[in-house]
Every structure is written in C-alpha cells, then in structure tokens.
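Okay, structure first, notes after.
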DNA sequence: GTGCCCATGTTCACCAATTCACAAAGTCAC
DNA sequence: GTGACTTTGTGAATTGGTGAACATGGGCAC
C-alpha cells in the first residue's frame, strides 16, 4: 500500500464532498481550469477555510498562489468518493415516489444506473416503468447475487420499510437509502441514510414558528439586490450535517437582519 | 410573557423532534399511555440520554419513575414544532418529482396540504395533477399573498433553482425546501433545507468504498438474527445532523463487526 | 536568478453536541 | 405512612466540527 489512508475523513466533510464535486463539474463544463478555495466556497455556500480543510483530507492537491486544478481535483475527489465506476441502484416500492426516482435521469447520468425495480404488489409486477419491468421483491436476492454490489433504495410505505431493509441486508446489500417515513435499523457494517419529507417540513415549520417569535422575518426577505450576486451563504443541508435552518440571521455578512426591522 | 423561551433548542434536537413525534403518533394509535426514554430511544434509534435531554428542552413533561405521557408529550411537541395549525406548501416544478410530491398523501395527512402547483412550461400550465390545476409561476406572488405563510418546495431542474428561490423570497416565502441538485442561497431570515438524491448516493458510495478497504463488509450482513428484534441502532439521517453512515461498526452493541470476518 | 505576491495547508481556540453518571423526585407495594 | 424502586432531568467531561489566523511554498515579473 502506497498511502491508502491519509487521515480519517470526518463525516461532515464526506457530506460536503459531493457538493464540491458537482460544482467542479459545472466549472469544467465552462472550461474553467483552476479554482481558488475562496471562489469554491462561495459557490458551495460555505466558508473558505472549511473548503481548504475539507480538500486537505484528500491530499495536497492545490498549488499555492494559484488554486486547485479543476480536472485533477475532480479526479481525486471522484476517487475518494468511490465514483470511478458505476454503482447500480435497485428500487423497492414502485409507487409515486419510486416511479419518480426510476424516471429521474440524474441518477444514471451521475453513475447510479437503475438496475432493477421491485414491488410486492402482484398487480404491479410485470408492468414497465421507466423502461424496466417491475419484478417481485422475492427475486431481490437473485438479482443482487448476479449484479454484484448495489445500493438499495426503499420507496415503500412505512409499515413494510423495516422488513424490506431486512431483506436487502440478507440479500447482501450494504448501502441503503430510505425514503419511507419510518425509522429502520440495520446491522453494523451496513450504511443507512434516510430522506424524510415530513421531517424536513416539520423542521422548517419549527424555524418558521420560531422566527415569528422575534418579529416576522418575512419583511426583510426582499432586502437587498434580489439577483445581483450571491448573499450571505447558509448552506443548509438536509444531508450531511449543519442542519442550520437559520431562525435568526447568523453572522449576516450583508447586514440585512430580519429581526431588526 | 409567561415562559415563552426556556432554553434555545439546539438544531440537532430540532431535527430529531419530528422523529420522536412520529413514533409517539404510532404509540398513541396502539393505545400506549406512557413511554420511557429508554423505549423511545430504542424506537428512534438513538441514545436514551439524548432523548431525555432533547425532551428536556421542551420542558419537564415526564414523570420520574414512570415515563412520559404519550398524548401530552405529543401535544407539547406539536406545539414546539409549530404544528398546531396547517402549513400549506406550494410546489414549483411539476416534473416527475414534483408530481410525485403532489400526489404524496403523507403531506396533507401530516398538516402540510398542497396549496398550489406552479411551472414555467406553458404546456404544463392548465394541466391537472393530483386534483390541482398547474399555474404559471408568474402567479406565485398573488397566490402567496392570498393564502398567507406557506412553505415553498423547489422541484425544478438545477439551472433555474436559484431564480425560483429568488422569486419565492420576493413573494414573501421564508421557508424553502430545495430538491433541485444545486446549491442555492437565500437572504438571512429565510430558512432553507435541501434534499439531494445524488449527494445521498455519493455519500453512500464513499462509505461502501471505504468499508471495502477493511475487508468487504458484505459478508457480515446476514450476521445474526435477521428479524428478531432491533439491533445496534444507527440513526442515520439525511436530515438533521449526524450524517453518520457508518463505514465500520461504531460501538457495535451486538458485536457483529464486519471487518472481523 | 531573485524577490514579491498570493493562495494553500495547518495550527489553535472556540462552540455545539453527545454521552456519562448521579441526584432528585415521583410511584407502588405493603 | 414508609421504604424500595424506577426513571427523569441535569451537570460535567468528551468528542467532533468550525472559523480565524498564520506560516509555508510555489509561480511570475523583471
């Protein structure tokens, strides 16, 4: 092993890397050759020091006085994220959400092709969605055994989410993304992330309610230049960390504080 | 003011409250009268101490030696989250995802009725989705002005997400949930949360890749009792904080560590 | 080839969040 | 009414992450 492990990359950093990567992709399309941590921070809505620290976990890939080479940084970042090859995904539960996910082109584009669709409803099995025949969930183990490592997506109703997760784990899936509004547990060694609409809305509700306690944030919304350049960044983040929906202005660079009136 | 502000509730706690609330709802349906912090922690996939501390921010609503009254706790929690009345949502962008969201019954059920659908595509305007006529996005300000405070959901393609956010802010919306795969910025006083599919998948990819560094986590998946009771909980959390998709076992209670082989 | 300039990479101090451990406070049995 | 038992609520210690400040080191002008 040459140097396989630099430092252990913090979870918060891991959650931000994909954001940087997407920005780099856009920059590359615009034929931008190099980027400074400051500019990248601005585009990602974070602090420049944080960007530098995050990138330093990947290695010293910047050039002092110049910045980071976009192409090279993209390569290193993709490597760190394990995106050098495709990760097929299998979707269990082909209702409204499952169909939408299956049809979402962004998946395949970014290295996550939809490998198979499953449902437990016999009426759905055999139907074609997004160019794929829906299979019965009983066939999950066989499909996984054939196709190798995949990411499992749960898009079922809440009551069956845990049992689906169990079946995924048993089939050998070690990465699961749960869209069902239910807490599910998996054994150690399996990665689990969740996306929960209702929870997100309720968090927003909290901050909305809370900002109302200090006088009505709404007024300042239209504050200054509505489109002329980006403003005080609060990268907020359903993923990763930094939940920070900011009830009050937090260190407002632009000085447009809502409560001040 | 009697006692409007106890302590300031930490963001991490705010992100967990909705999870507790959902569990309480299920418990109430099962006619469970009281719940201990330990049991609640188990159901939520977190630490019991954390539950107690989280709940203590709401006030001292437990009874020592007994636990928490489910109904009463639900009430207090709903109040804290601002869920005593409905929060209408407006969805901008009625593509695959937007339609799925509009059709998602879970919204209205939980106090977030869909108030209106918008799109910029003239071919979509006038069509009916989920029982609602799609309006042109230009009408957004009028609708918001009429209906009062709403939560804005962005389900557009990435390139227009920022401009949609700007229009929402200008219309007076102060809570935005962004599904578009783009970083958007809003002025202070506006709450922003994001849900990003690609980012979630890439985070999973990282941990999948990483667990492979220590020998292949896949093997241990089937470890012990596949359904017999919940196991070492890792609440992982696309929202809130604690990104923690656990590459390796983290403090595995059950002892089934993947790398051990 | 020399020196200035500029952005990186890293150190350090701070802040937020988690976890432990335990006293306080209530119930229930008798 | 008393005592044992259970579970909460919180203070303190620890961990993880953030942000500012600064030294390091490479490019570029001349």
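Chains as they are written, first to last, in my numbering: chain A, 1 to 261; chain B, 262 to 522. A virtual CB, placed ideally from N, CA and C, is assigned to each residue, including glycine.
- Residue 271(B) and residue 128(A) have their C-alpha atoms some 46 Å from each other.
- For the pair residue 50(A) and residue 41(A), the Cα-to-Cα distance works out to about 8 Å.
- In the three-state reduction of the DSSP assignment, residue 13(A) falls in the helix class.
- Using a 10 angstroms sphere on the CB of residue 374(B), the tally of other CB atoms stays under 16, which defines it as exposed.
- In the structure shown, the three-state DSSP call for residue 69(A) is strand.
- C-alpha of residue 410(B) to C-alpha of residue 63(A): approximately 48 Å in a straight line.
- Secondary structure at residue 62(A): strand, using DSSP grouped into helix, strand and coil.
- With respect to the C-alpha of residue 376(B), the residue from 401(B), 385(B), 384(B) and 386(B) having the closest C-alpha is 401(B).
- The beta carbon of residue 160(A) sits no closer than 7 Å to any beta carbon of chain B.
- Secondary structure at residue 204(A): helix, using DSSP grouped into helix, strand and coil.
- Taking a contact to require three or more Cβ pairs closer than 8 Å, the segment 449–465 of chain B and the segment 13–28 of chain A qualify as touching.
- Pairing residue 339(B) with residue 47(A), the inter-Cα distance amounts to about 34 Å.
- In this structure residue 182(A) is buried. Its beta-carbon is surrounded by 16 or more other beta-carbon atoms within 10 angstroms.
- At a Cβ-Cβ threshold of 7 Å, residue 357(B) and residue 100(A) count as neighbours.
- Classified as buried, residue 341(B) has 16 or more neighbouring CB atoms from the shown chains inside 10 Å of its CB.
- Taken in chain order, the complete alpha helix (DSSP H) segments of 4 or more residues contained in the segment 88–118 of chain A are 96–103 and 105–109.
- Sequence-distant partners of residue 295(B) (beyond 5 residues in either direction) whose C-beta falls short of 7 Å from its own C-beta, in its chain, are 327, 328, 329, 330 and 331.
- Each of 44(A), 14(A) and 167(A) was checked against the Cα of residue 24(A), and the nearest Cα belongs to 44(A).
- For residue 417(B), the closest alpha carbon among the candidates 391(B), 456(B), 283(B) and 393(B) is that of 456(B).
- One finds 96, 97 and 197 in chain A with Cβ atoms closer than 8 Å to the Cβ of residue 365(B), taken in chain order.
- When the five nearest sequence neighbours on each side are left out, the beta carbons in the same chain lying within less than 7 Å of the beta carbon of residue 161(A) are those of 154, 178, 180, 182 and 184, in order along the chain.
- When DSSP reads this structure, residue 193(A) sits in a beta bridge with 177(A).
- Of the candidates 76(A), 94(A) and 109(A), 109(A) places its Cα closest to the Cα of residue 86(A).
- In its chain, beyond the 5 residues on either side, 350, 362, 374 and 375 have a beta carbon closer than 8 Å to the beta carbon of residue 368(B).
- Around the CB of residue 119(A), 16 or more other CB atoms lie within 10 Å, so the residue is classed as buried.
- At least one C-beta of chain B is nearer than 7 Å to the C-beta of residue 82(A).
- Bounds of any alpha helix (DSSP H) do not take in residue 388(B), whose DSSP letter is neither H nor E.
- Annotation: residue 343(B) is outside any beta strand (DSSP E) and is labelled neither H nor E by DSSP.
- Residue 35(A) is bridged by DSSP to 68(A).
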